[in-house]
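In the working numbering, the protein residues as written are 52 to 312.
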């Protein structure tokens, strides 16, 4: 992996740790940050089965670096937003699932990159907002597509029209975040989850991250057919057969009765 100016990238066993590292700008995402993210998620090392996206400082990400869209032509901005889309697609539909560890602010583009991840862990300091409308802007790097699918169109409409802030506890209760932990524990929890995810077979993780979202967008009958096809593909993997044999023949991972309270 090449040296990055604004990312702290390292491998922890089977997990790729990707730290947003532009603290002087509260991790505002410039075009250079975009290019570094694109390179990182394009060139995931062999043996890596999951990734963690986190901040090396207090705030997760305060959005796009708006100085780079100022005084730009319409077509230049369209092209820039489409480049961001490609980068976030690599995070959502890339080689491995990505777990976001969110501390402090996840504003605008920070919310958008978080929703491109497979799972989100927030600590009690985390909060989300979409202030674009207050600045005469509109979200441009995926929130319109991803956030309503996670939280519903009504919440996104409210956040954009009124500037409402979504704090950690409510984000967990609404399913925006899947895990809520004390301050300072988000990266630890996200890394724990990523190691567990990396222990799954790659084909299973691919089905969950690439095929499941598309099934949800299909009609019921089309979705059932897609489900049958991907289930057949996954179950035919030789490594799946090995794990199935372990489960059936050696009683591995059998469900246990809950202990009496």
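Don't be surprised by glycine CBs; every beta carbon is placed ideally from N, CA and C.
Since the structure is predicted, the reported quantities are computational estimates derived from the model, not experimental observations.
Check                                                                                                                                                                                                       : Outcome
So what's residue 193 in DSSP terms, helix, strand or just coil?                                                                                                                                            : coil
Quick one: any contact between the segment 229 to 245 and the segment 165 to 178, if contact means 3 or more CB pairs under 8 angstroms?                                                                    : yes
Evaluate residue 148 with the Cβ neighbour count: other Cβ atoms within 10 Å of its Cβ, from every protein chain shown; 16 or more gives buried, anything less gives exposed.                               : buried
Can you check which of these residues, 186, 185, 211, is closest to residue 195 by C-alpha distance?                                                                                                        : 211
According to DSSP, is residue 257 helix, strand or coil?                                                                                                                                                    : helix
Starting from the C-beta of residue 109, find all residues in its chain whose C-beta is less than 7 angstroms away, skip the five residues before and the five after it, and write them out in chain order. : 154, 155
Under three-state DSSP, which class holds residue 177?                                                                                                                                                      : coil
Sort 79, 90, 99 by Cα distance to residue 253 and report the nearest one.                                                                                                                                   : 99
Once DSSP output is grouped into helix, strand and coil, what is the label at residue 203?                                                                                                                  : coil
Given 7 angstroms as the limit, tell me if residue 145 has its C-beta closer than that to any heavy atom belonging to the ligand NAD.                                                                       : Although the ligand NAD was asked about, the structure shown includes no ligands whatsoever.
Pop quiz: residue 193 and residue 136 are said to be a contact at Cβ under 8 angstroms. What is the actual Cβ separation, rounded to whole angstroms?                                                       : 6 angstroms
Three-state secondary structure (DSSP) at residue 230?                                                                                                                                                      : strand
Taking just the CA atoms, how far does residue 115 sit from residue 123?                                                                                                                                    : 14 angstroms
Any idea if residue 269 is buried or exposed, counting beta-carbon neighbours within 10 angstroms, 16 or more meaning buried?                                                                               : exposed
Helix, strand or coil for residue 349, going by three-state DSSP, please let me know.                                                                                                                       : The requested residue 349 does not occur in the structure, where the chain is confined to residues 52 to 312.
Quick one: using the 10 Å Cβ neighbour count with 16 as the cut-off for buried, is residue 234 buried or exposed?                                                                                           : exposed
Measuring straight from C-alpha to C-alpha, what distance separates residue 285 and residue 258?                                                                                                            : 8 angstroms
Helix or strand or just coil, what does DSSP make of residue 106?                                                                                                                                           : strand
Quick check: the Cα distance between residue 312 and residue 157, rounded to an integer number of angstroms?                                                                                                : With a pLDDT of 47 at residue 312, under the threshold of 50, the modelled position of this residue cannot be trusted, and the question is left open.
Tell me the DSSP bridge mates of residue 70?                                                                                                                                                                : 59, 105
Ends of the alpha helix (DSSP H) at residue 126?                                                                                                                                                            : 125 to 143
Is the beta carbon of residue 151 closer than 8 angstroms to that of residue 245?                                                                                                                           : no
Go ahead and pull the three-state DSSP assignment for residue 120.                                                                                                                                          : coil
One question on the structure: do residue 134 and residue 85 come within less than 8 angstroms of each other, judged by their Cβ atoms?                                                                     : yes
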